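Residue numbers (the numbering used here), protein chains in the order written: chain A, 321 to 753; chain B, 321 to 753.
What follows is one structure encoded as structure tokens, with my remarks underneath.
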């Protein structure tokens with residue numbers, strides 16, 4: 321008896337069956353089209369990098385989760401755990417060849433050896449876009465506008481994008497005289513959506529050692545009914561107009577000019593945990609499913625590639641959590657997939673007609689119609705069952721007489737409507753309709 | 321002084337700058353569209369697999385070239401070195417969930433730790449498509465037809481696809497009574513394009529121990545002027561009509577029915593080195609650049625997943641050598657790339673107009689026009705220089721009066737033609753033209 325190897329994959333990794341991959345690649349194609357509409361260009365980087373390059377920016381957690389090894393040449397290498405560090409390395413390395421402001425998107429896999437759990441995988445796709453080499457409010461706005469457009473392109477219109485500015489919050493904390501505790505405060509505030517106001521309030525009192533400070537911070541981070549009111553409120557609390565508040569005002573005015581302001585909330589409780597961010601920060605929630613968390617987040621930073629070069633490169637970027645988004649779309653019934661891309665199946669009823677079948681197939685494909693010939697003259701119920709599973713809308717049948725007269729029978733496989741002995745041109749017109 | 325890490329990548333790996341990645345992804349998109357036109361669907365598999373899964377099919381060379389390591393859980397894992405072995409594993413593992421005949425394409429990276437040399441990389445993209453679960457001539461033909469269509473979709477029309485059938489050759493060798501040496505003979509014959517007839521003839525004489533055999537083999541492998549003549553010739557030499565020669569005849573008849581027979585040559589010297597193949601085999605050469613070798617090859621096999629399961633899965637498939645193809649396109653001047661996807665740049669001449677700029681940008685994007693606003697009111701020569709580098713065809717300018725009247729000035733950045741104070745609708749029409 322032969323020994324078979326049991327076919328299996330590693331824990332935390334996934335195969336994508338056609339239905340899943342058709343869904344995923346459809347989303348990626350629509351996102352890509354939107355990135356291009358805004359003038360972003362693609363790049364690619366190796367999935368393996370020198371560990372030294374990847375590690376400098378990371379904390380201990382990342383290091384533990386890395387797929388790291390010694391290659392055959394004795395080099396210490398690792399698989400990338402995000403697209404940001406390789407992008408920083410890339411920008412520093414190729415700065416003379418790139419044009420700034422440089423706007424790139426990168427949709428690719430990354431790896432983290434996390435404990436596998438529901439919805440968490442060790443291999444997943446990140447979908448990032450950044451503008452570097454510009455510190456302008458125009459780029460901030462463009463990023464926010466693109467986030468909305470990208471989600472809209474994949475059918476996700478009921479969203480709220482929560483925006484904030486780190487600088488205004490920092491000025492407010494400074495005014496209170498507690499800016500040296502800002503990191504802990506930011507981290508506490510960041511949790512408000514998860515743990516609620518009461519617990520955050522308590523934590524803030526502990527951090528600042530003062531219930532009054534806690535109350536003032538809670539007052540600061542609560543959004544008022546409109547963007548403009550909230551902006552005035554936090555501007556006053558932070559000590560009046562300055563560059564940061566003027567930038568937020570300019571961003572809001574651009575939103576209004578483009579007619580998209582209804583999607584954005586000025587939400588002073590959004591902080592994003594990372595030190596990395598220095599300007600605006602934002603998160604995106606599905607209105608009907610806020611519980612899954614932000615599906616698109618990011619912010620402005622002032623020094624992208626500081627580990628690799630002297631020049632400071634300011635930028636603004638965002639990352640779409642594709643896996644989380646797909647999970648959300650599934651839950652909301654918005655995930656559209658299909659069993660194939662086929663418009664039509666040419667049924668194989670008689671082996672001697674295969675030449676006629678191929679002639680018809682060629683003509684249809686030249687008109688952009690996706691079609692295949694069933695490879696064998698199998699039983700018709702077997703052939704129909706496959707077209708069902710692949711959700712193919714049209715079937716084509718050809719009999720003796722038709723093979724001579726170059727006509728075909730077209731069948732709508734959903735409605736069962738039949739168009740007998742029509743010309744190929746007529747069939748093309750019906751299928752395209 | 322701060323310590324910077326020198327930004328660098330591993331030997332044999334590559335960054336893709338926007339211009340290169342725009343070219344590559346453009347080709348991949350066109351190939352993908354063609355695969356879909358023929359009813360193929362995408363799948364995806366992890367880039368890491370158990371080494372045991374990957375290794376069973378490999379020879380020692382592959383093993384040495386693998387990126388293999390022990391993961392944090394102590395598992396012996398490796399990065400895939402091709403897409404065939406993961407596909408075999410995938411098909412065996414999911415056979416109950418798939419529909420047969422199963423037609424999949426997979427375009428993804430693979431890794432081999434080869435000695436880096438000109439045009440050879442350790443990370444490269446493979447582009448495979450296969451039909452499994454069918455042994456029919458229809459699938460053979462469809463594969464050959466798709467190869468032509470896919471290359472045509474990316475602008476490569478001057479090609480010849482050399483086709484052969486392993487079975488006919490084996491029968492011929494058996495008739496000569498030297499079939500036990502067929503492996504060595506196949507290998508010698510496979511080199512004829514590289515080393516020439518004389519050397520192959522000599523090698524064959526050595527292998528068979530007989531100059532007469534060598535002469536007969538050389539006679540067998542030489543194509544005659546037409547597909548049909550060659551088929552008759554080898555059919556006679558192999559002992560007359562049989563299943564294999566009838567299949568070749570059916571394939572040729574399908575080519576003629578589809579009107580594409582001019583692209584194919586029946587070339588009995590094509591053997592493909594691998595034991596794996598059992599039926600038709602094929603290679604594709606650029607007519608103007610045959611020296612770079614085959615850009616799309618494959619064949620029919622009778623047992624895809626024999627390492628992982630009992631059932632035999634026959635199939636037929638092909639692989640496009642994307643890197644080699646891109647190198648060929650470059651050499652032939654057929655590689656079309658561009659600096660961006662942008663149709664238009666909105667020049668930033670006055671910071672106070674940014675709201676008007678964004679309003680115009682939004683309207684253009686809604687009509688599918690790719691546009692960006694230059695983020696800062698930089699000097700005009702800097703702005704023009706960027707549009708040059710990005711090869712953006714149109715520029716948009718807005719002055720005080722226009723901001724009020726909602727008109728714009730459109731400039732053709734190539735011809736320098738200017739359309740002053742036209743409506744946004746007029747501008748859209750001109751850009752789309």
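Even for Gly, the Cβ is constructed at its ideal location relative to N, Cα and C.
Since the structure is predicted, the reported quantities are computational estimates derived from the model, not experimental observations.
Residue 597 (chain A) (DSSP reduced to helix, strand or coil): DSSP places residue 597 (chain A) within a strand segment (E or B) once states are collapsed to three.
Cβ neighbours of residue 623 (chain A) in the same chain (closer than 6 Å, five flanking residues each side left out): 632
Under the three-state DSSP convention, the category residue 584 (chain A) falls into: Looking at residue 584 (chain A) - three-state DSSP - the assignment turns out to be strand.
Distance, residue 358 (chain A) Cα to residue 429 (chain B) Cα: If you take the alpha carbons of residue 429 (chain B) and residue 358 (chain A), they lie about 28 Å apart.
When B:680, B:717, B:635 and B:336 are compared against residue 744 (chain B), the one with the closest alpha-carbon: B:680
Limits of the alpha helix (DSSP H) - the one that residue 405 (chain A) falls within: 404-413 is the span of the alpha helix (DSSP H), which, as asked, contains residue 405 (chain A).
Paired residues, beta bridge with residue 390 (chain A) - DSSP: According to DSSP, which records beta bridges pairwise, residue 390 (chain A) is partnered with A:396.
Residue 544 (chain A) versus residue 483 (chain A) - alpha carbon distance: 13 Å
Any chain A beta carbon closer than 8 Å to residue 596 (chain B): no
CA-to-CA distance, residue 498 (chain A) to residue 564 (chain A), given in whole angstroms: 20 Å
Contacts of residue 551 (chain B) in chain A (Cβ-Cβ under 9 Å): The premise fails here: residue 551 (chain B) is roughly 16 Å from chain A at the closest Cβ pair, so nothing lies under 9 Å.
Residues within the region 568-594 of chain B neighbouring chain A, beta-carbon criterion of under 9 Å: Within the region 568-594 of chain B, the residues whose Cβ lies closer than 9 Å to some Cβ of chain A are 570, 573, 574, 575, 576, 577, 578, 579 and 580, listed in chain order.
Within 8 Å, strictly: CB atoms of residue 365 (chain A) and residue 406 (chain A): yes
Contact check, residue 346 (chain A) vs residue 485 (chain A), beta carbons under 8 Å: no
Interface partners of residue 369 (chain A) on chain B, CB under 8 Å: 329 and 330
Nearest to residue 595 (chain B) (by Cα), restricted to the options B:504, B:476, B:727 and B:368: B:504
Contact set between residue 433 (chain A) and chain B, taken where Cβ atoms lie within less than 9 Å: 391, 392 and 393, listed in chain order.
Chain B within 8 Å of residue 467 (chain A), Cβ atoms only: no
Alpha-carbon to alpha-carbon, residue 588 (chain A) and residue 554 (chain A): 8 Å
Bridge partner(s) assigned by DSSP for residue 428 (chain B): B:446
Residue 334 (chain B), DSSP secondary structure in three states: Coil, per DSSP.
Distance CB(residue 412 (chain B))-CB(residue 625 (chain B)) smaller than 8 Å: yes
Residue 617 (chain A), enclosing alpha helix (DSSP H) - first and last residue: Note, residue 617 (chain A): premise wrong, no alpha helix (DSSP H); beta strand (DSSP E) at 616-621.
Any C-beta of chain A under 8 Å from that of residue 662 (chain B): yes
For residue 505 (chain B), the first and last residue of its enclosing alpha helix (DSSP H): 502-510
Same chain, Cβ closer than 7 Å to residue 363 (chain A), five either side skipped, listed in chain order: 410, 424 and 426
The ligand GTP heavy atom lying under 7 Å from the CB of residue 689 (chain A): No copy of the ligand GTP occurs in the structure displayed, which carries no ligand at all.
Reduced DSSP secondary structure (H/G/I, E/B, other) of residue 417 (chain A): coil
Per DSSP, cross-strand counterpart(s) of residue 665 (chain B): Looking at the DSSP assignment, residue 665 (chain B) forms a beta bridge with B:692 and B:715.
First and last residue of the uninterrupted alpha helix (DSSP H) at residue 566 (chain A): 563-578
Neighbourhood of residue 321 (chain A) by C-beta distance below 8 Å, restricted to the same chain and skipping five residues each side: Unreliable positioning characterises residue 321 (chain A) in this predicted model, as indicated by a pLDDT of 45, which lies under 50. A coordinate reading is not provided.
Neighbour flag for residue 325 (chain A) against chain B, beta carbons, 8 Å: yes
C-beta neighbour in chain A for residue 416 (chain B), strict 8 Å: no
Reduced DSSP category for residue 369 (chain A) - H, G, I as helix; E, B as strand; rest coil: strand
Test: residue 337 (chain B) CB closer than 8 Å to a CB of chain A: yes
Chain B residues whose Cβ lies nearer than 9 Å to that of residue 651 (chain A): Within chain B, no residue comes near residue 651 (chain A); the closest Cβ sits about 22 Å away, beyond 9 Å.
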